[in-house]
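So the mapping is simple: the numbering used here equals the position in the sequence shown, first residue as 1, plus 4.
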Amino acid sequence: MKRLNFGSMALAAGVLSMALAAPVQAARVLTFSDNSPNRGTRAEVTNWMAAELERRTNGELKIEMHWGGALLKAKAAAKGVGAGAADMGTIIGVYNPKFHTAYSLTDLPTQYSDPWVGTRAVWEMATTNKDLIAEFDKLNLHYVSNFTTTQIQLICKGKPVKNMADIKGIKVRGVGVYGKVFKDLGATPVRISRVFRIPCHWHSLNIQHVV
Numbered sequence: 005m006k007r008l009n010f011g012s013m014a015l016a017a018g019v020l021s022m023a024l025a026a027p028v029q030a031a032r033v034l035t036f037s038d039n040s041p042n043r044g045t046r047a048e049v050t051n052w053m054a055a056e057l058e059r060r061t062n063g064e065l066k067i068e069m070h071w072g073g074a075l076l077k078a079k080a081a082a083k084g085v086g087a088g089a090a091d092m093g094t095i096i097g098v099y100n101p102k103f104h105t106a107y108s109l110t111d112l113p114t115q116y117s118d119p120w121v122g123t124r125a126v127w128e129m130a131t132t133n134k135d136l137i138a139e140f141d142k143l144n145l146h147y148v149s150n151f152t153t154t155q156i157q158l159i160c161k162g163k164p165v166k167n168m169a170d171i172k173g174i175k176v177r178g179v180g181v182y183g184k185v186f187k188d189l190g191a192t193p194v195r196i197s198r199v200f201r202i203p204c205h206w207h208s209l210n211i212q213h214v215v
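Below, the structure is given as structure tokens:
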């Protein structure tokens with residue numbers, strides 16, 4: 005079956021917390037909230053960014069990571085970072101569709117050949133499109149960058165999904181546009197806060213960082 009890419013996450017930061025142009029007398033520590041655990045490729049990249057920021061500022065700027073939603077849960081990240089509960093954070097647009105109407109465009113299921121190209125395309129759109137800029141301004145956020153993931157993965161219990169016909173009749177845990185796509189293909193979307201034993205759930209996402 006054809007493989008699709010997943011939506012978008014952004015790295016964002018509270019606008020008022022990022023007045024970095026002024027001289028820094030002592031090390032400044034910025035809190036960073038992420039709802040995922042500290043493991044995997046995305047966590048490695050985020051940790052690398054934090055280490056590089058400290059190195060390139062000669063220790064004048066440091067990032068204090070808070071993983072696993074310890075500081076802000078996924079759905080609270082957009083408002084939380086904008087309000088100053090954290091200086092930076094990972095924001096998943098699909099969890100707050102009312103806040104990220106324009107940015108939800110990046111969640112549309114499409115095919116692409118290169119995750120790097122997808123990442124840069126989303127970044128260019130988010131930093132040049134007036135509607136997206138206004139969307140983040142309204143939340144008191146400054147868009148920094150985003151993560152674009154590779155193809156969708158279905159994690160199934162029992163019978164695997166090998167083609168479109170296999171989707172019909174199964175229960176699928178999904179959010180946003182993907183739940184609607186699976187429903188159109190004949191699956192039954194299931195909304196649950198935890199993953200229990202259901203036939204299939206999708207795994208993959210595209211993330212944005214906002215500061």
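Think of the CB as a built atom: it goes at the ideal place given N, C-alpha and C, for glycine as much as any other residue. These numbers come from a predicted model, not from an experiment.
- N51 carries a helical assignment under DSSP once its states are collapsed to helix, strand and coil.
- With respect to the 7 Å criterion, N39 and A78 are classified as neighbours on the basis of their beta carbons.
- When rounded, the separation of the alpha-carbon atoms in V165 and P113 is 18 Å.
- Using a Cβ distance threshold of 7 Å, V148 and V98 do not count as a contacting pair.
- Counting every other CB atom within 10 Å of its CB across the protein chains shown gives E128 a total below 16, marking it as exposed.
- When the five nearest sequence neighbours on each side are left out, the beta carbons in the same chain lying within less than 7 Å of the beta carbon of V185 are those of P113, in order along the chain.
- If you draw a 10 Å sphere on the C-beta of M168, you find fewer than 16 other C-beta atoms in it, and that means exposed.
- Looking at the DSSP output, E68 sits in a beta bridge with T35.
- The distance from the Cβ of A130 to that of Y107 is about 7 Å, consistent with a contact at the 8 Å cut-off.
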